[in-house]
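Here is the structure we will look at.
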Amino acid sequence: MDIIEFLKYLALGLIQGLTEPLPVSSSGHMVILNSVFGKILADSDMNNFQIITNFASLFAIIFYYRSLIGEIVTGSWRYLFKKDKERKKDFRFLLYVIIATIPAGVAGIVIKLLDLDVYYTNIVCVGICLFITGSLLLYTHSIAPQADREEITLKDSLLMGGAQVIGLLPGISRSGVTTAFGVTNKVKLDKAFRFSFMMYIPASVGAAAIGVYDLAKHGSGGSIFIPGYIGAFIISLVATYFALWLFFKLIKNRNLKYFGYYCLAVSIIVMALVATGVL
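Just so we're aligned: 220 in the numbering used here is position 220 of the sequence shown, and the numbers increase by one with no gaps anywhere.
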């Protein structure tokens, strides 16, 4: 086993785990780091790797929100089958999550059918989209103090669900853009992020299902370094949970601006490296 190659896989898994919950685009960071590593993962293998590491992040997010998810599912069951009117709020929240997931689900299928995902590894696209993400986060930071609504409405779910389609672009933060649309509609920052992460769960399951189907139909397209994939899965799982815990401590003080500045800085560095031929 090549130790250097194994460590590179671990680094990719770590970046996936740390950036998945943060509003900085995990897919964009994966493309950047893979380019820095001389494309240790070919474009055909990147999809396989992201399926594995996204599953790890998904498990971490479900575990982090296990109490909330259990409450929503139990409450929805009691409302539907036990006629418990007091749990209507839980059912409504679940329904809004499902509604918000539909646009990205449809868009994901269209992207796959038209083979538009070949552009997902384009480093220039990532650089441009990170600049957009950074600008959007700074804007969201500026309006967050005026957003004070606790409850998610149907309009919020439609707006944030539509925004999740934009978040399919590499370099556009899914959580960042969906939360920005929520905050713009006066939803409190932490509540908007919470709903965004609930949207992530079914969206991630759907994306993984499409990826697994594509893998079963067309094959891996290259060799799979099993130890690297296993190591990346484990480190991505742990890193995602830690990043979630840290993130919600940071946004209590509405510190989105630091993520915005970070995305702008990374965007400028990436574009400079592309312009000079380094990447």
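Here a beta-carbon is modelled for each residue, glycine too, at the ideal position from N, C-alpha and C. Everything numeric in this text was worked out from a predicted model, so none of it was measured.
Boundaries (first-last residue) of the alpha helix (DSSP H) holding tyrosine 258: 256 to 275
Cα-Cα separation, serine 196 to phenylalanine 93: 12 angstroms
From Asp148, Leu130, Arg174 and Leu14, residue whose alpha carbon lies closest to that of alanine 265: Leu130
Continuous alpha helix (DSSP H) stretch holding serine 135: start and end: 123 to 143
Where valine 24 falls: helix, strand or coil (DSSP): coil
Other residues of its chain near valine 118: CB distance less than 8 angstroms, five sequence neighbours each side excluded: Asp43
Three-pair Cβ contact test at 8 angstroms for the segment 154 to 165 versus the segment 96 to 115: yes
With 16 other Cβ atoms within 10 Å as the buried cut-off, status of valine 16: Rather than valine, the amino acid found at residue 16 in this sequence is glutamine. Glutamine 16 is buried by the Cβ-count criterion.
First and last residue of the uninterrupted alpha helix (DSSP H) at proline 324: No answer is possible for residue 324: the residues shown for the chain start at 1 and end at 279.
Distance between aspartate 90 and isoleucine 69 (C-alpha atoms, nearest Å): 10 angstroms
Nearest-angstrom Cα separation, counted from threonine 153 out to valine 97: 10 angstroms
Residue burial classification, isoleucine 9 (beta-carbon count within 10 angstroms, cutoff 16): Sequence check: residue 9 is tyrosine here, not isoleucine. Classification for tyrosine 9: buried.
Cutoff 6 angstroms; reference phenylalanine 181; Cβ partners in own chain excluding five residues on either side: Leu159, Met160 and Ala163
N-terminal and C-terminal residue of the alpha helix (DSSP H) that tyrosine 9 is part of: 3 to 19
Alpha-carbon spacing of proline 103 relative to aspartate 2, whole angstroms: 42 angstroms
C-alpha distance - tyrosine 261 paired with threonine 133, whole-angstrom precision: 10 angstroms
DSSP state of valine 278 mapped onto helix, strand, coil: coil
Rounded straight-line distance, which links the Cα of serine 67 to that of tryptophan 77: 15 angstroms
Straight-line gap, valine 212 to methionine 198 (C-alpha atoms, nearest Å): 22 angstroms
contact_flag[the segment 14 to 30, the segment 238 to 248] where n(CB pairs < 8 angstroms) is 3 or more: yes
Unbroken alpha helix (DSSP H) run spanning threonine 101, endpoints: 88 to 113
Beta-carbon proximity check, phenylalanine 259 vs leucine 136, cutoff 8 angstroms: no
Beta carbon of valine 24 nearer than 8 angstroms to that of isoleucine 123: no
Under 8 angstroms between C-beta atoms of glycine 38 and glycine 231: no
Nearest-angstrom Cα separation, counted from lysine 155 out to alanine 100: 10 angstroms
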